[in-house]
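Engineer: In our numbering, the protein residues as written are 16 to 301.
Note that CB positions come from ideal geometry on N, CA and C, so glycine has one too.
#1: Whose C-beta lies closer than 8 Å to the C-beta of residue 275 among residues of the same chain, with five residues either side of it excluded?
#2: Could you pull the DSSP bridge partners for residue 122 from this structure?
#3: Taking the alpha carbon of residue 66 as the reference point, which residue from 258, 79 and 224 has its own alpha carbon closest?
#4: Going straight from the alpha carbon of residue 153 to that of residue 135, what length do you get?
#5: In the stretch 91-117, which residue ranges form an unbroken alpha helix (DSSP H) of at least 4 residues, counting only runs that do not cross its ends?
#6: Is residue 21 closer than 8 Å to residue 84 when the C-beta atoms are compared?
#7: Taking all protein chains shown into account, decide if residue 57 is buried (16 or more other Cβ within 10 angstroms of its Cβ) or exposed.
#8: Whole-angstrom Cβ separation of residue 95 and residue 124, contact assumed at under 8 Å?
#9: Please report the Cβ distance between residue 217 and residue 229, rounded to the nearest whole angstrom; I am assuming they are in contact, meaning their Cβ atoms lie under 8 Å.
#10: Between 104, 212 and 236, which has its C-alpha nearest residue 93's C-alpha?
#11: From the DSSP output, in three-state form, read off residue 159 for me.
#12: Residues in the same chain with beta-carbon distance under 6 Å from residue 168, minus the five sequence neighbours each way, listed in chain order, please.
#13: Which of the three DSSP states is assigned to residue 228 in this structure?
#14: Within 10 angstroms of its Cβ, does residue 100 collect 16 or more other Cβ (buried), or is it exposed?
#15: Give a yes or no on whether the C-beta atoms belonging to residue 89 and residue 118 are separated by under 8 Å.
#16: Residue ranges of each alpha helix (DSSP H) run of no fewer than 4 residues wholly in the stretch 17-96, ordered along the chain?
#17: Let me check understanding here. Comparing Cα to Cα, which of 61, 141, 281 and 196 lies closest to residue 107?
#18: Mapping DSSP to helix, strand and coil, what is residue 206?
#19: Return the chain-ordered list of same chain residues with a C-beta closer than 6 Å to the C-beta of residue 49, the five sequence neighbours on each side being excluded.
#20: Residues bridged to residue 193 by DSSP?
#21: One question on the structure: do residue 212 and residue 259 come within less than 8 Å of each other, judged by their Cβ atoms?
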């Protein structure tokens, strides 16, 4: 087997554990006749120190052109005073988005002889062998770098997009937010599928040179929220957007995106990097 692997050591203990993991991979390759081409790139705090971006465009492009990505760790107290868009964790969230990662798989296994090292009683933990699946897709009211509340005027103080939005365009309306440090986020509606899936073309700039595009898939749902006034606890109906997933367009994509006959079509990239037909994708959306 031949495969290109991008390693992202990151911060803290990340470089140490990643280095040993690569040694294990090389040992496996030698023992079983595999060929692993390993390329190391920066993410998180290491990228912030080197390039003032938690996830540089070069790192994203290399990951997207790899067969696998090996991530170490990101984060550390030294970066706690950084703005949200420039924290190491922002790079991790964007990496998940660009790679289309929708779940964490976390195995929990108790090997024989290690029962006494668990905070649980040995007879409870003995034989444990489970897989924990943690979903990464959330609600638009969850805190995340590219999440906005539906009621912008009432709720945008609680997230990254605090400030004014503006609407531009004639035949197609674009909603845009511009921050105080050069960051921006804008989106436009593409179409709605027969089942009610809302498709949005989005572009996110975190303050650096990259402008990362994506097609977001959302569903409108209704629920009730609790509140409190002079009369006591109250409830109110609200419309919320639930994220169904997204498709990465890469850095500074420029092309035609359309929806016809149940097919979402992403056209050739004629933008800054001119990826051409490499950017083309077709996705059935019912």
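Structural biologist: Judging by the given coordinates:
#1: none
#2: 146
#3: 224
#4: Any reading at residue 153 must be qualified, since the residue scores a pLDDT of 46, below 50, and its modelled position is unreliable; no value is offered.
#5: 103-114
#6: yes
#7: buried
#8: That pair is no contact at about 33 Å.
#9: 5 Å
#10: 104
#11: Low per-residue confidence applies at residue 159: pLDDT is 35, beneath 50, and the placement is therefore not dependable, though the value from the model is reported in the following sentence. Correct three-state label for residue 159: coil.
#12: Note that residue 168 scores 45 on pLDDT, short of 50, meaning its location in the model is unreliable; the coordinates nonetheless yield the value given after this. Counting only Cβ-Cβ distances below 6 Å, and skipping sequence neighbours, we find nothing.
#13: strand
#14: buried
#15: no
#16: 29-47, 60-66 and 72-79
#17: 61
#18: strand
#19: 16
#20: 199
#21: yes
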